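Visitor:
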Amino acid sequence: MAQKAAKQQAARNAATLKRMHIASLVAHLAFLFLRLTLRRASTTWTSYTVYVLMSIPALSIEFWFQSIGTPTYDSNGELKRAGEDLEAKGLTEFLVDVFWWTNGVIIGAGLFGDRMWWFLIVAPIYGIYLAVSTFMGLRQGLAGMAGQGADDTVSTSNRQKKLEKRSGPKMQYR
Numbered sequence: 001m002a003q004k005a006a007k008q009q010a011a012r013n014a015a016t017l018k019r020m021h022i023a024s025l026v027a028h029l030a031f032l033f034l035r036l037t038l039r040r041a042s043t044t045w046t047s048y049t050v051y052v053l054m055s056i057p058a059l060s061i062e063f064w065f066q067s068i069g070t071p072t073y074d075s076n077g078e079l080k081r082a083g084e085d086l087e088a089k090g091l092t093e094f095l096v097d098v099f100w101w102t103n104g105v106i107i108g109a110g111l112f113g114d115r116m117w118w119f120l121i122v123a124p125i126y127g128i129y130l131a132v133s134t135f136m137g138l139r140q141g142l143a144g145m146a147g148q149g150a151d152d153t154v155s156t157s158n159r160q161k162k163l164e165k166r167s168g169p170k171m172q173y174r
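Per full-length UniProt numbering, the sequence shown runs over residues 1 to 174.
(1) Measuring straight from C-alpha to C-alpha, what distance separates F65 and L17?
(2) Please name the residue or residues paired with L79 in a DSSP beta bridge.
(3) In this structure, how does DSSP classify D85 when only helix, strand and coil are distinguished?
(4) Please go through the same chain and pick out, in chain order, the residues whose beta-carbon is closer than 7 Å to the beta-carbon of K80, but skip the five residues on each side of it.
(5) So, helix, strand or coil for G39, using DSSP?
(6) What residue range is occupied by the uninterrupted alpha helix (DSSP H) comprising G104?
(7) Would a C-beta distance cut-off of 9 Å place S47 and T102 closer than the cut-off?
(8) Report the rounded CA-to-CA distance for M1 versus R12, giving the unit in angstroms.
(9) Of the choices A58, V132, A123 and I121, whose alpha-carbon is the least far from that of H21?
(10) Quick one: grab the DSSP three-state call for I3.
(11) Start and end of the alpha helix (DSSP H) containing S167?
(12) By the three-class DSSP mapping on this structure, what secondary structure does T44 have?
(13) Closest to V105 by CA distance: which of K161, F94, A123 and W45 is it?
(14) Taking A82 as the reference, give the member of T44, A14, E164 and L163 with the closest Cα.
(15) Please report the straight-line C-alpha distance between A10 and D85, rounded to a whole angstrom.
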């Protein structure tokens, strides 16, 4: 009972890795099958070279997740390490999105041809957008923190303005 969370994470990681391996296998087999049957006339060695090059991101993400997310067990079957959380937010979530997007583009390239590879440019553009929006948010936050203590002009409230108006002209002393 002490390692319930670790066991649950190990089970989730194993299920996620299995899903990723099956999806990758299906995507690559679908590409090869569709290229060898439906689009045989338009297939060249360049098409296969582009396929190999464009598959590198998904395959490297898959193998990296395999290395960090696989649970390890000791000799008597006890859970030693659950592995990193593959459902974590941030970079892991972005890499999972890149994996699924790349596999979708691989299947699309098998169905519709080599022009589908241009859709892979969406992932880096989205990453740049996220980085810029995060940077701009941080910059505005830091600028707001710096300006808090430096403001010398104190605005008066409406109540204070009304009180000053009622009291009439005031004499200023030097």
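Note that beta-carbon positions come from the ideal geometry of N, C-alpha and C, so glycine has one too.
From a predicted model like this one, the values you see are computed outputs, not experimental measurements.
Guide: With the given structure in hand:
(1) 7 Å
(2) Y73
(3) coil
(4) T72, Y73 and D74
(5) Residue identity check: residue 39 is Arg in the sequence provided, not Gly. Note: R39 maps to coil in three-state DSSP.
(6) L91 to F112
(7) no
(8) Because M1 carries a pLDDT of 46, less than 50, the predicted location of this residue cannot be relied on, and the following value inherits that uncertainty. If I take the Cα positions, the gap works out to 17 Å.
(9) A58
(10) Looking at the sequence shown, residue 3 is not Ile but Gln. In this structure, Q3 counts as coil in the three-state DSSP scheme.
(11) N158 to S167
(12) coil
(13) A123
(14) A14
(15) 8 Å
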